[in-house]
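Here is the structure we will look at, set down as C-alpha cells.
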Amino acid sequence: MVVGNGMAGIRAVEELLDRGGAEQFDITVFGDEPYGNYNRIMLSHVLSGEETEEAIFLNALPWYAQNSIDLRAGVRVDRIDRFAKVVHDADGGRTPYDTLLLATGSTPFFPTMEGLDLDGVFTFRTLDDARSLLTSAKTHRRAVVIGGGLLGLEAAHGLATHGLQVDLVHSPAHLMNQQLGPEAGRVLRRKIEELGIRVHTGVRTRGLRGTGRVEGVELPDGTVLEADFVVIAAGIRPNVDVAVRSGLEVERGVVVDDRMRTSHPDVYAVGECVQHRGQTYGLVAPLWDQAGVLADHLTGARPDAEYHGTRTSTKLKVAGVDVVAMGLPGPERDDDEFVVFSEPHRGVYLNVVVREGRLVGATLLGDVRKTAFLTQAFDQGLPLPEERTSLLFDLGSPDEATSVAELSDDVQVCNCNGVTKGRIVDAVAGGCTSITAVMGKTKAGKGCGSCKPLVEQITEWAAGGDLTVDESVGWYVPGVPLAKPELMAAIRERGLKSVSAVFRELAPGGVEDAKSKMGLTSLLRMMWPEGIEEERDGRYINDRVHANIQRDGTFSVVPQMKGGVTTPEQLRKIADVADKYDVGMVKVTGGQRIDLLGVAKEDLPKVWADLGMPSGYAYGKSFRTVKTCVGSEFCRFGLDDSTQLGIDLETRYQGIETPAKLKLGVVGCPRNCAEAYVKDIGVVAVGAGKWEVYVGGAAGATVRKGDLLATVGSAQEVLTLTGRFIQFYREWGNWLERTYEFVPRLGIERVRKVLVDDSDGLAAGLDERVQAAVDNYRDPWQEGTAPVTTGQFRPALPLGMPAVRS
Amino acid sequence: MSRPVCSVEDLPVGEGRAYVVDGEQVALFRHRSGKVSAVQAACPHAGGPLADGQIDETVVVCPLHLTAFDLTTGEAAGGEGSIAVHPCRVTADGLVEVSL
C-alpha cells in the first residue's frame, strides 16, 4: 500500500517492479490528486506554456492498469491504524495492508500574514495550482509572487511570459538564498529583471490587502504593490498530517532509519515528507536514492541496502537561466579557498569552494559547461588540479570525453527523471545504440532537456564508437530507402511523375509515407520543370494554400516586394486590404516585406484578389526574397546599383523550389546594410563594376558568414552564377538542408571548382535546367480564382461552425 | 449514432476537411486507398488544425509541430497525448457517415 501518488511514491513502485516486486506484492496507491503520476518539476513549463499537461505525465492512468496497480486517485487518506493494519480514507473506506509506504510529499508553507484567506491567493505546487494560475493569468494584468526561491522564480517567470506585470517579493537579502551566495544571487537578479519582473529583496510582506478579493501586497514601509492575484511560494514543509494522526514519530518530517522504516514496523516512508538523520530534502535526487534503497530492502534484492543521505547538488533552469549549485555557496572558514568569476552583464557567475584540497561547493550560473567534472569532483572527493581556475575553465582540466569516462555510475545525469550514468550505460549495454533509443528507454533528457548534451556524450562514450547512426539518415526522405542521387536516377529511369508513383515503385511494400510526401513533391517539381502529375496531398498546407500557417490556424500573406522596393499605391492597397479583412497584425518581415498576419483561410483568395500583387513566397521551401540596401542611387557610399540587381535576381528566380528556404541579399558596398554576408546567397558591390558572390551564409538559429564563391565583373554574371548555384543546390542538397550546411559539407573549394571553373563539365547543364525552371514559373496566387481541389480554402478548424449538411 | 456528414466527393483524395458534427469539430480524411478516417479536429498539443495535416494510410501529421497521430488508435508517435478517433464509413450512395 502506497499513500502518495507523487514522484517519490511512484518512483518507489517503479523500483519495486524493476526488482520483480509485482510477484511479491499486490500494489494499491492512494493519491490526493485525481490524476496519474506527473513530473512536478515541469509544472513551471506548463505555466509558461512551454509544455502541455499531457507532456509532463510520467505515468498516465493506463500504466497503473498495465501493472495491475489499484490506483485510488482523488482519495485522501485520513489515518493509518497500525494495530489493525488498515488504512482509513476520507470516503469512509477501510483498506487492509501488509506493508505500507508513506510518500505524502510536502505542502506549501504560508508565512504568517493578514489576508491569506482572501480570494485570488494561490499556491504553486500541484497541477490544479498551475491550472488556476493559467486561468488567472489570462484574465488579469498584475501579479505579486511572494518568495524568491526556485518555485517563486518559476512562478514569476511563467506569469511574465503571459505578459503580466509581475512583482516578486523575497524576504532574504538575495534570490535563491538556499542555493546561492549573495553575488550569484545578484547576477541572477539582473537576469530576472531583464525578463521585466520587478524584484524586491530583503523585504518581508506585511500583509495582503483587499476586501473579499486580494487587491495588493503591503510592504513594511507602507508601500502597496497592486495585485489582481498573489502567489505564495515561500517554501515547502513536509506533509506529516497522516503520520501525526497515525501516531508515527514525527519531528520536522516523518522520522525514518537507514532502511526508510518509520517508528512503526511495516510502515516505511520516502521523499519530501521524510526526516533522515535530522535532514529533510526538497529536491528529487535524494528521493531517487531512497526509493532504490527501499525497493532493495522490500524485495530482498539487497537486504543490507542502507540510505546514508544524499549530498545534494541542484542542476536546473530557473526562468531560462542555467543554475548549478552544490555544497557550500561560499567560503565558511578562514582557510577555505574561494575562486570566483563574475560577469554580471552576460549573466555569468561561477565559483568553487575548496577545503583541504577537496571541492566542497560550486556554483555555476549562466555557463554550466563544467558541470560534469565538478559534480564528479564534489561527489567523490577527487583530488583537484593545482591550478584552481581550471575548475571553472578548460585550461587543461579533463576534456569532455575524459570527464564522461570518469563520471561514476551513480552520478545523476537527468534530475527530472532521476536517471544516473549507470542506467544510461546499462541501456546501451542492453542494446540501445542510438541517442533516441537511450532517451526512449531511460526517459533521460525527456524532462526539461538541460541534460541532453551530457546524455549524448555518455551514450557515445558507452557505445564506444559503435553508435548506430540510423541508416535512414542518408535517405532523401524517410519512406523511400534511397539517397538523393539514386532516387533521382530511379525516378528518371522509370519516368515517375507523381508522388504516388514513387511510393508504388520505390518504397518498401509500395507503402506511402506522410512525412516523405513534401520532399518528394519538391524533388519531382525540380526534376520535371514542365510539370508533374500534381497530387495536392503531396504538399504541405502552406503550399496547398500559398500562405504561411500560423499557430492559431490562420495564415499570413506576404505580397511580393522585389528588392524591398514598394510604391505609395501598393502601400495604400495593402493598408486597405489589412483594414477590410481585419488582419491581426501588419508587420515588416526580416526580409524587407510586409506581412499581413492572422488572415482566415477562407479569405485568402479574396485577399490576393484585392491586393492584386504576386505572391511573395513567405511560406515554402523555395527562393523567398532578396534584401537590398539603397545602393548607389541615393546612398553616399554606394558603389553600385544593388537595388536594381536585387530586383533582377528576384524577378528571375522567384518561386523556384529548393531543398530548404533560400534568402538572398545584395548590398552596394561592404558596409553590408542588408546583411548580405549572412544570406544563403549574398552579393556585395566592391566598385569598378565588380561584385562579390558569397554562398552558405546564415543568420538564423545558426550564424555563419558566407564563403566567397567568386568575384565577377558584371551584374549579368551575378545573375548567371546565382542561378547556377541555385540549381546545383537543388540537385545536390539534401531535403531540408540549408545552404549553410550544404556548402560546408561539400567545401567551398569544391563548389567553386564545379561552378566557377566548371571542373566537372556541369555548368552548362545547370544553367539550362535553372532556365527551364524560370521559364515555367507561374504565380500560385492565381489559384485564388479557380480552386484546385474541393474546399481548398475551407477552414480546417471550423471556428465559425459551418452547418453539417443533413 | 452514426450520421451522414458530407459526400465523399467533398473530400479531395489524400486530404482532410473539417466539419462540425453534433457540435463537435471533426476532421475527415479520404485516403488514397479509398477508405475514410475521422478524428477530433484540433491537435491536443497546441490546437493545430489536423484537417490541414498530411496523411498516409495510417497517420495524420499535425501541420504546426509535426506530431504524427495514428488514425486507428489515436495515439501520438512519441507517446505524447492522443486524439479521439471516430468510427466512419462511406455508404453505398457515397456519403461519409461518422459516429461520435
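Top to bottom, those sequences are chains A and B. Residue numbering for the first sequence follows this note's numbering, beginning at 9 and increasing consecutively. Residue numbering for the second sequence follows this note's numbering, beginning at 533 and increasing consecutively. A virtual CB, placed ideally from N, CA and C, is assigned to each residue, including glycine.
Buried/exposed call for residue i, threshold 16 Cβ in 10 Å
| i | result |
| --- | --- |
| residue 567 (chain B) | exposed |
| residue 597 (chain B) | exposed |
| residue 378 (chain A) | buried |
| residue 502 (chain A) | exposed |
| residue 799 (chain A) | buried |
| residue 653 (chain A) | buried |
| residue 623 (chain A) | buried |
| residue 417 (chain A) | exposed |
| residue 609 (chain A) | buried |
| residue 538 (chain A) | exposed |
| residue 577 (chain B) | buried |
| residue 809 (chain A) | Residue confidence for residue 809 (chain A) is low, a pLDDT of 41 falling below 50, so the modelled location carries little weight and cannot support an answer. |
| residue 178 (chain A) | buried |
| residue 609 (chain B) | exposed |
| residue 706 (chain A) | buried |
| residue 719 (chain A) | exposed |
| residue 571 (chain B) | buried |
| residue 648 (chain A) | buried |
| residue 512 (chain A) | exposed |
| residue 482 (chain A) | exposed |
| residue 285 (chain A) | exposed |
| residue 732 (chain A) | buried |
| residue 814 (chain A) | Low per-residue confidence applies at residue 814 (chain A): pLDDT is 34, beneath 50, and the placement is therefore not dependable enough to give any value. |
| residue 364 (chain A) | exposed |
| residue 120 (chain A) | exposed |
Residue i, DSSP secondary structure in three states
| i | result |
| --- | --- |
| residue 621 (chain A) | coil |
| residue 555 (chain A) | coil |
| residue 581 (chain A) | helix |
| residue 601 (chain B) | strand |
| residue 496 (chain A) | helix |
| residue 737 (chain A) | helix |
| residue 515 (chain A) | coil |
| residue 527 (chain A) | helix |
| residue 752 (chain A) | helix |
| residue 814 (chain A) | With a pLDDT of 34 at residue 814 (chain A), under the threshold of 50, the modelled position of this residue cannot be trusted, and the question is left open. |
| residue 90 (chain A) | coil |
| residue 471 (chain A) | helix |
| residue 247 (chain A) | coil |
| residue 126 (chain A) | coil |
| residue 326 (chain A) | strand |
| residue 550 (chain A) | helix |
| residue 294 (chain A) | helix |
Partners in chain D for residue i, counting only beta-carbon separations shorter than 7 Å
| i | result |
| --- | --- |
| residue 525 (chain A) | Looking for chain D here will not work: the only protein chains present are A and B. |
Nearest-angstrom Cβ-Cβ length linking residue i and residue j, presumed shorter than 8 Å
| i | j | result |
| --- | --- | --- |
| residue 97 (chain A) | residue 38 (chain A) | 7 Å |
| residue 581 (chain B) | residue 804 (chain A) | 4 Å |
| residue 41 (chain A) | residue 135 (chain A) | 7 Å |
| residue 88 (chain A) | residue 250 (chain A) | 7 Å |
| residue 361 (chain A) | residue 338 (chain A) | 6 Å |
| residue 756 (chain A) | residue 715 (chain A) | 4 Å |
| residue 114 (chain A) | residue 244 (chain A) | 4 Å |
| residue 248 (chain A) | residue 222 (chain A) | Residue 248 (chain A) to residue 222 (chain A), Cβ: 29 Å. No contact. |
Residues of the region 558 to 584 of chain A with a CB closer than 7 Å to any CB of chain B: list them in chain order, please.
559, 561
Does the region 63 to 71 of chain A come close enough to the region 37 to 55 of chain A that 3 or more CB-CB pairs lie under 8 Å?
yes
Near-chain B residues of the region 317 to 330 of chain A - C-beta to any C-beta below 7 Å:
none
Tell me which residues of the region 545 to 557 of chain A have at least one Cβ-Cβ distance to chain B shorter than 7 Å, keeping chain order.
545, 548, 549, 557
Contact set between the region 572 to 601 of chain B and chain A, restricted to residues whose Cβ is under 9 Å from the partner:
573, 574, 576, 577, 578, 579, 580, 581, 582, 583, 584, 585, 586, 587, 588, 589, 590, 591, 592, 593, 595, 596, 598, 600
Touching or not, the region 142 to 152 of chain A and the region 288 to 303 of chain A, by the rule of three or more beta carbon pairs under 8 Å?
no
Short of 9 Å Cβ to Cβ, which residues in the region 768 to 797 of chain A face chain B?
796, 797
Does the region 593 to 609 of chain A come into contact with the region 626 to 635 of chain A, if we say contact requires no fewer than three beta-carbon pairs (one atom in each stretch) closer than 8 Å?
yes
Between the region 509 to 521 of chain A and chain B, which residues of the former have CB atoms less than 9 Å from a CB of the latter, in chain order?
511, 519, 520, 521
Check whether the region 525 to 534 of chain A and the region 544 to 561 of chain A touch, using three or more Cβ-Cβ pairs below 8 Å as the test.
yes
Using 8 Å as the threshold, is the region 580 to 587 of chain A in touch with the region 740 to 751 of chain A, meaning 3 or more CB pairs across them?
no
Give the residues from the region 48 to 72 of chain A that approach chain B closer than 8 Å (Cβ to any Cβ), ordered along the chain.
60, 62, 63
Per the contact definition of three or more C-beta pairs closer than 8 Å, is the region 95 to 111 of chain A in contact with the region 128 to 144 of chain A?
no
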